[in-house]
Amino acid sequence: GVRMFQKVNVPILGIIENMSYFVCSHCGQREEIFSYGGGRKTAEKFGVPFLGEIPIYTPIRIGGDTGKPIVLMEPESEQAQIILNVARHLAAQVSITNLSQASPKVEISI
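Counting from 1, position 76 in the sequence shown corresponds to residue 72 in this note's numbering; the numbering is continuous, with no gaps.
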């Protein structure tokens, strides 16, 4: 996917590894049920920023389903902080991208 976007000049703000690991909502134990680290490796391979890892965590899914995100429902939780950190990295990349692109020339003729 990264090569395709690069080929057609679509800006790549970075890579987020979704479902990076599983967090048990009962005991909090972290389990790496899929291959771990693929997002970071891909970012390094293609020279794009790695923005973070989002875990599989039931309250994150419930928040998405109900429209009540974990960052509002459990703002002090580790998982909410992870999502906020990824969002900060993404916002930073948006700013960097916007600053590095020339503004369009606006012409008004009457």
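The beta-carbon is built from N, C-alpha and C at its ideal position, and this holds for glycine as well.
Keep in mind it's a predicted model, so treat the numbers as computed, not measured.
Item                                                                                                                                                                          : Value
Taking only runs of the beta strand (DSSP E) that begin and end inside the stretch 17 to 62, which ones reach a length of at least 3 residues, in chain order?                : 46 to 52
Go ahead and pull the three-state DSSP assignment for ILE78.                                                                                                                  : helix
Which of the three DSSP states, helix, strand or coil, is assigned to ASN94?                                                                                                  : helix
Are the beta-carbon atoms of GLU70 and SER16 separated by less than 7 angstroms?                                                                                              : no
Residue range of the alpha helix (DSSP H) that PRO68 falls in?                                                                                                                : This sequence places Leu at residue 68; Pro is not what is there. Per DSSP, LEU68 belongs to the alpha helix (DSSP H) from 66 to 69.
Report the residue from SER21, GLN89, PRO51 and GLN77 whose alpha carbon sits nearest the alpha carbon of TYR32.                                                              : PRO51
By Cβ distance, which residues of its chain are closer than 7 angstroms to ILE130, with the 5 residues on each side in sequence left out?                                     : The displayed coordinates of the chain run from -3 to 106. Any statement about residue 130 would go beyond what the structure contains.
Roughly how many angstroms lie between the CA atoms of ALA107 and GLY24, to the nearest whole one?                                                                            : Within the shown structure, residues of the chain are numbered from -3 to 106, placing residue 107 beyond reach of any answer.
Taking all protein chains shown into account, do 16 or more other C-beta atoms lie within 10 angstroms of the C-beta of GLU13, making it buried, or fewer, making it exposed? : buried
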